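Beneath this line is the structure, given in C-alpha cells, with notes to follow.
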Amino acid sequence: MAASSDTRKTRVHIGSITPGAHTAGFSETSVRLADAMTITGFDSTGQSTGENLLPPRQVTADDDLDAELIALGSSVAVAAPAIPAPIIETVEEQVGRPFWRRWLTWRDVVALVGMLAVALYLTAPIWLNLDHELRDDPQDQAFFEWMLAHGARVLTDGVYPFFSDRMNYPDGVNMMANTSVLAVSLPLTPITLLFGPHVAFNVFLTGALAFTGASWYLVLSRRFVTSRAAAWVGALFCTFAPSMVSHAGGHPNIVSQFLVPLIIWRTLELRVPGRAVRNGLILTGLLVWQAFINLEVLFMTAVGLGFFCVVMAAVRRRSHPGEVLPFLRALGVTAATTLAVLAYPLSVQFFGPQSYQGLSEYVRAFGADLASFAAYSRHSVAGDDAIAARLTQNPAEENAFFGWGLIILFAGLLIWLRRSAAVLTAGGIALLFAAMSLGPNVVLNGVDTGVPGIWAVLHSIPVLDSAVPTRWAMAIAPIVGIVLALGCQHAADTIRRQPASRGPIRVAMITAVAMALVPLIPKPLATVPMDPVPSFVTSGAWKAYVDDAHTLVALPLPDSAYPDPLRWTAETGHDLRIAGAYALLPAQNPQDPNDRTAMFAPPWRPTSGLMASIKQGNPLPEITDTRREMTLADLRFWKAGVVVLSPQTRDIEMLRTMSELLGFRPTWTGGVWVWDVRHLVDNQDAVLVGGEPY
800 MAASSDTRKT
810 RVHIGSITPG
820 AHTAGFSETS
830 VRLADAMTIT
840 GFDSTGQSTG
850 ENLLPPRQVT
860 ADDDLDAELI
870 ALGSSVAVAA
880 PAIPAPIIET
890 VEEQVGRPFW
900 RRWLTWRDVV
910 ALVGMLAVAL
920 YLTAPIWLNL
930 DHELRDDPQD
940 QAFFEWMLAH
950 GARVLTDGVY
960 PFFSDRMNYP
970 DGVNMMANTS
980 VLAVSLPLTP
990 ITLLFGPHVA
1000 FNVFLTGALA
1010 FTGASWYLVL
1020 SRRFVTSRAA
1030 AWVGALFCTF
1040 APSMVSHAGG
1050 HPNIVSQFLV
1060 PLIIWRTLEL
1070 RVPGRAVRNG
1080 LILTGLLVWQ
1090 AFINLEVLFM
1100 TAVGLGFFCV
1110 VMAAVRRRSH
1120 PGEVLPFLRA
1130 LGVTAATTLA
1140 VLAYPLSVQF
1150 FGPQSYQGLS
1160 EYVRAFGADL
1170 ASFAAYSRHS
1180 VAGDDAIAAR
1190 LTQNPAEENA
1200 FFGWGLIILF
1210 AGLLIWLRRS
1220 AAVLTAGGIA
1230 LLFAAMSLGP
1240 NVVLNGVDTG
1250 VPGIWAVLHS
1260 IPVLDSAVPT
1270 RWAMAIAPIV
1280 GIVLALGCQH
1290 AADTIRRQPA
1300 SRGPIRVAMI
1310 TAVAMALVPL
1320 IPKPLATVPM
1330 DPVPSFVTSG
1340 AWKAYVDDAH
1350 TLVALPLPDS
1360 AYPDPLRWTA
1370 ETGHDLRIAG
1380 AYALLPAQNP
1390 QDPNDRTAMF
1400 APPWRPTSGL
1410 MASIKQGNPL
1420 PEITDTRREM
1430 TLADLRFWKA
1440 GVVVLSPQTR
1450 DIEMLRTMSE
1460 LLGFRPTWTG
1470 GVWVWDVRHL
1480 VDNQDAVLVG
1490 GEPY
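Take 800 as the starting number for the sequence shown in our numbering and just add one per residue.
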C-alpha cells in the first residue's frame, strides 16, 4: 500500500504493506490510529479499557515497530492491523481540525465548566462575604494567607524562600517544614499584590478544587475510560469526596491534587520502551511541582503507586515481559533527577534551622474511628454534626466518611470487575490505607478497643513519623473514584455488547450510584465574621515602633487559638515582623534536649504562657517582681518595640495584667491598645520594680 503524505486524504486498506512504499504520511496516520484505538476503548489486544486500568500505548509496540520498519525502507513485509472503517474516517476528520477541537469536545467543555461550578458552589460563602473567614479552621486560613504573602515577597524582594523571620522572631520558621506552597504562592503573586492575601487565599482554594476536578476528568477520559459520563462521575468523587470537602475548610494545599492524576498517568507511562529519558523527566517535573505544594499528598501517592506497580509487574510478567526493564530505566532517570533538584530543599527541611523530627505522640495517635467509614460527614447533606464530632478529632479531618451506600457499591464493583487485576490491586491498596488510617489503636464509636493497629508498628519509622495516620483514609478517595469510573465504563460496554440488557443495566447502575453518592453531596463551606485587621496595621502606624531592630508583640502571642497577628503581617507584605507563631516548630524541651518533635507553637515562655492562660479564662495571677523580671526578659528576647492588644475576649484582663507588669498604661491608637516598650528593651540597665520602670 502506498500512502500519500497528505494525511487528510489518506485511506488505509486492510492487507499487507508493500516493502519500500513511501510512508511519511502513513507514519503520522499510524500514530493517530493508535490514539483512535485507545479512544474507542480498546487496545490492540482487543481488551476493553473497562478491564484494563490505563490502556497502555506500548501494547501496540508491534504497530510502532511496523511503522519504524516501513520508515527505514525495510524489505520485510509486515501485516497491518485490522482497523474498523469508522475509526479511520473519524481519524481523517480529526486530522484537519484545530488542536483545541481535537482535544476538547462540547461534552468536555460542559464537564469542565461543571467542575468549576461545583467549586464555586462550595466556596461561594467566602466570595460573597469577603469580611468572613472559614469557620472550621480559621487558624490555617490565616497561616496560608501568611504563606501567600511570603511567596509574593520572594518574587518582589528576592528573599530566601526556605526560611523566614517574619514570625517567631528571633528563631524564625523553616518554610520547607511548614508547607510553604511556593508552587502556588509564586504564580499567585500578582493577585496577592493587587487584591491582598485574603482574596488570594480564596482564589487558591477555589482554583485548587476546580483544577483538581478538571485534571481528574481529563486523565480519566483520555487514559482510563472512553465514556465521558463515567469520567465525570469518577472525577467528581475524586475532587469532592467528603475528605476533600473537609480539608477545603482550611487546607487548600491538601485539596490541590490536580497533579495527582497526572503523576499516576505518567508513572504508568514509564513502561513505554525507548522513552526512558523523556518520560522520566516529565515525571520529575510533576514530582518537583507537587513537592512545593504538599509533600504529604506526594508521599501517599508514591506509596500507593509503589504497591500498584509492584503487584502489576508480578501479574503481567508473562503476558508483558518487556515492561519491567523500560520502567526501571525511566524510574532511575526520575529518581536521579528528582533527588538532584530536591536535595537542597529537603536538606533544609530535615536538617536546616528550626527543623523538627517527627510529629508529637499526640498527633501521631490521630486515627480514623472505624465507625466513621460507614457514617456521613457533617459537610455532606446526609451528615449529622453530633455523630461526626464523636467520630473525628476536628471538622477538618473527616477523612473516612464514605457511608454504607458507597462501601457496598465499591465492594460490588470490585466483585463485578474481579477479572481485572488492576481493579483488584487498587481495592487491596484501599484496604491497606484504611487499616493504616486507624492509627496505633483501633477506636470504634469513640471508644478505644485496645486492639493495636498496624500503625503501631509504622508510626516510629522516619518519614512516617511525620504523617497523620487518619489522612491515609483520604488517599482512598481517588481509588474509589477510579473504580467508579471503570464500573460505569464497564456498564456502558456491557450495554453495547448486549443491547437487550440496556434498560435493566442502566437502571441498576444509575440507582446504585445515586444511592451511594447523593447522600455525600457536599454543603457549602461554613464561614464566620472575621476580626478586621486594625487600622494601626493597615495605616502603617506600626512603622513608628517596628524596624529592623524591633518587633511587634501581640497579646496573646499568636497560636492556633489566636492566629490574627499572622494576617496582620501578611497584610503588610511581611514588612511587619512579629514575635510568636502558629507553625510547626521544634519542641526545644529544656528537660529533654534530644526532643525535637514538632509543636504548633514556639517553646513556652513566661509571658506568652501567662497571656494564653488569661485568654483561656483562668484567674489573674498575683503580679510580683519576679514576674516583672521574666516579662522584661521575654520582651528583650523578642526585641519588642511595641506590645499590642486588640479588642477580643478577656481583653480587659490582659490589659490590666500587662499594665501592672510594665508599670504604665497603654494608649489607644488605630483600634488597639499600644505599649511602647523600646525604652525598656534598648536600655539594658532598665528594671521594673513595684510597677514603676526606672
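Using N, Cα and C, we set each Cβ at its ideal position, and we do this for glycine too.
Since the model is a prediction, treat every value here as computed from it, not as a measurement.
Alpha carbon to alpha carbon, what distance is there between Phe943 and Ser1338?
-> 23 Å
Simplified DSSP state of Val1486, which is helix, strand or coil | coil
Determine the extent of the beta strand (DSSP E) in which Glu932 is found, giving its start and end residues.
-> 931–933
Local conformation of Phe1232 per DSSP, three classes = helix
Span of the beta strand (DSSP E) around Asp956 = Looking at the DSSP string, Asp956 is not in any beta strand (DSSP E); the run it does join, the alpha helix (DSSP H), is 937–956.
Where does Asn1193 fall in DSSP's three states?
-> coil
Please determine if the region 1403–1422 and the region 1352–1372 are in contact, where contact requires at least 3 C-beta pairs separated by less than 8 Å.
-> yes
Using three-state DSSP, classify Ile1063 as helix, strand or coil.
-> helix
Residue closest to Phe1000, alpha-carbon to alpha-carbon, out of Tyr1381, Asp939, Trp1015 | Asp939
Given a cut-off of 8 Å, decide if Val1312 and Val1032 are closer than it, judged by their beta-carbon atoms.
-> yes
Could you check where the alpha helix (DSSP H) with Ala1348 kicks off and where it finishes?
-> Element bounds for Ala1348: n/a, residue is neither H nor E.
Please report how far the alpha carbon of Thr1066 lies from the alpha carbon of Pro1072, in whole angstroms.
-> 13 Å
Would you report the Cα separation of Ser1407 and Glu1428, rounded to the nearest angstrom?
-> 14 Å
Residues bridged to Phe962 by DSSP?
-> Asn973
Ala1439 in three-state terms, based on DSSP = strand
Taking the C-alpha atoms as reference points, what is the distance between Gly1280 and Ala1034?
-> 6 Å
Option in Val1473, Thr1468, Trp1472, Phe1463 with minimal Cα separation from Leu1487 = Phe1463
Who are the Cβ neighbours of Pro885 in its own chain at under 6 Å, not counting the five residues just before and after it?
-> For Pro885, the predicted model reports a pLDDT of 36, less than 50, meaning its position is unreliable; a value from the coordinates is still stated below. Cβ within range, chain order: n/a, list empty.
In angstroms with no decimal places, state the Cα-to-Cα distance between Arg1027 and Leu1127.
-> 33 Å
Can you pull the DSSP bridge partners for Asp1475?
-> Val1441
Cα-Cα, which of Leu1324, Ile1253, Arg906, Ala1139 is closest to Asn928?
-> Leu1324
Extent of the continuous beta strand (DSSP E) run through Pro1243 = The sequence given here has Leu at residue 1243, not Pro. Counting along the chain, the beta strand (DSSP E) containing Leu1243 begins and ends at 1240–1243.
Residues of its chain near Gly1440, where Cβ-Cβ distance is below 6 Å and the 5 sequence neighbours each way are ignored | Tyr1344, Val1345, His1349, Arg1477
What residue ranges within the region 1006–1032 form continuous alpha helix (DSSP H) runs of no fewer than 4 residues, ordered along the chain?
-> none
Go to Thr1083, then tell me how far its alpha helix (DSSP H) extends in each direction, as first and last residue.
-> 1075–1090
For the region 1368–1380 against the region 954–966, are there 3 or more C-beta pairs whose distance is under 8 Å?
-> yes
Closer than 7 Å by C-beta to Ile1450: which residues in its own chain qualify, once you throw out the five before and the five after it? Chain order, please.
-> A quick correction: the sequence has Asp, not Ile, at residue 1450. Excluding residues within five positions, the ones whose Cβ falls inside 7 Å are Leu1444.
Please name the residue in Val1282, Leu1243, Ala1290, Ser984 whose C-alpha comes closest to that of Leu1223.
-> Val1282
Going along the chain, which residues of its own chain have a beta-carbon closer than 6 Å to the beta-carbon of Met836, five neighbours each way excluded?
-> Residue confidence for Met836 is low, a pLDDT of 33 falling below 50, so the modelled location carries little weight; the figure read from the coordinates is stated next. Result list for Met836: empty, nothing under 6 Å.
May I have the straight-line CA-CA distance separating Gly1012 from Leu1316, to the nearest angstrom?
-> 16 Å
Unbroken beta strand (DSSP E) run spanning Thr1468, endpoints = 1466–1468
Whole-angstrom Cβ separation of Ile1228 and Phe1106, contact assumed at under 8 Å?
-> 5 Å
Mind reading off the beta-carbon distance from Leu915 to Ala1009? Whole number of angstroms is fine, and I expect it under 8 Å.
-> 5 Å
Short check: CB of Ser1055 to CB of Ala976, under 8 Å?
-> no
Could you tell me which residues DSSP pairs with Pro1385 in its beta bridges?
-> Ala1397
The region 1193–1203 in contact with the region 1162–1181 per 3-pair CB rule at 8 Å = yes
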